[in-house]
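I have placed the structure first, in the form of structure tokens, so that the comments after it can refer back to it.
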Amino acid sequence: MDPYSRFAAYGEPATAYGRLVHVSETDVHPVLRRASAPPAALDLLAQAQHGLDEAATMQTANERYATAHLAALRTAAAVLAVRGRPEAEPPPGGRGARRAQRVRRARRPGIRSAWEILPEVAPELAEWSWLFASGAARRARAEAGIEGAASWREADDLLRDAGVFLRMVERMLVPQPALPRARVV
Numbered sequence: 001m002d003p004y005s006r007f008a009a010y011g012e013p014a015t016a017y018g019r020l021v022h023v024s025e026t027d028v029h030p031v032l033r034r035a036s037a038p039p040a041a042l043d044l045l046a047q048a049q050h051g052l053d054e055a056a057t058m059q060t061a062n063e064r065y066a067t068a069h070l071a072a073l074r075t076a077a078a079v080l081a082v083r084g085r086p087e088a089e090p091p092p093g094g095r096g097a098r099r100a101q102r103v104r105r106a107r108r109p110g111i112r113s114a115w116e117i118l119p120e121v122a123p124e125l126a127e128w129s130w131l132f133a134s135g136a137a138r139r140a141r142a143e144a145g146i147e148g149a150a151s152w153r154e155a156d157d158l159l160r161d162a163g164v165f166l167r168m169v170e171r172m173l174v175p176q177p178a179l180p181r182a183r184v185v
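Sequential numbering of the sequence shown, starting at 1, is according to full-length UniProt numbering.
Next comes the structure, spelled out in structure tokens:
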């Protein structure tokens, strides 16, 4: 039961810690803050949500698994869009540093998955990264149409985990409008 409902039943004003609270109409409008995430990241989050909605309606476990995993990948991409790339190692000092730097420039770095980069730019999401990285091979088999690549239980678990991951990232990247606190008189 709401602690203030007994006052409303008698027509008394709500109180906070035994004092009257006065809230004018202008105090209850949310304070809209500028989104901290760039439009590309917000678009990726929207695509991830759409993917989760679509995955929930899939008719096979393989389709559900692959679609849910793709939604999680889009969520990770949104984090990477906001946080940027991991810092490159500083060039080594001392003798031969210039030559090592030229050799390093000549080689292209290998392609790395989002799941490898995510823990570097967002350490708080490392466990999620490992979870989804472990399912990447299964997703590839499911997308290839290999029979039994994913069971219904695995697909449902991944769908749930991808949804939790999306909600966590949304809270991390997109600040919610805040209501001002009531003034205590």
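For every residue, glycine included, the Cβ atom is placed at its ideal position computed from N, Cα and C.
Quiz item: Of all the options 151, 74, 113, which has the alpha carbon lying nearest to the alpha carbon of residue 163?
Solution: Taking the first residue of the sequence shown as 1, we reach residue 163 at position 163. Minimum Cα distance to residue 163 is reached at 74.
Quiz item: For the alpha helix (DSSP H) that contains residue 135, what are its first and last residues?
Solution: To locate residue 135, count along the sequence shown from 1; it is residue 135. First-last for residue 135: undefined, no H or E at that position.
Quiz item: Among 76, 84, 70, 124, which has the Cα closest to the Cα of residue 140?
Solution: Taking the sequence shown and counting its residues from 1, the one referred to as residue 140 is at position 140. Residue 140 has its Cα closest to that of 70, out of 76, 84, 70, 124.
Quiz item: Hey, quick one: how far does the alpha helix (DSSP H) through residue 163 stretch, first residue to last?
Solution: Taking the first residue of the sequence shown as 1, we reach residue 163 at position 163. Residue 163 -> alpha helix (DSSP H) spans 152 to 173.
Quiz item: Whose C-alpha, out of 41, 48, 53, 60, is nearest the C-alpha of residue 145?
Solution: Position 145 of the sequence shown, counted from the first residue, corresponds to residue 145. Answer by Cα proximity: 60.
Quiz prompt | DSSP three-state assignment for residue 38, whether helix, strand or coil | solution = Along the sequence shown, read from residue 1 onward, the residue named residue 38 stands at position 38. Reduced to three states, the DSSP call for residue 38 is coil.
Practice problem: Would you kindly work out how many angstroms separate the C-alpha atoms of residue 158 and residue 65, rounded to a whole number? | Solution: Taking the sequence shown and counting its residues from 1, the one referred to as residue 158 is at position 158. Taking the sequence shown and counting its residues from 1, the one referred to as residue 65 is at position 65. If you take the alpha carbons of residue 158 and residue 65, they lie about 7 Å apart.
Quiz prompt | Whole-angstrom distance between residue 82 and residue 40, CA atom to CA atom | solution = Here residue 40 corresponds to residue number 40 of the sequence shown, with the count starting at 1. Here residue 82 corresponds to residue number 82 of the sequence shown, with the count starting at 1. Those two C-alpha atoms are separated by around 9 Å.
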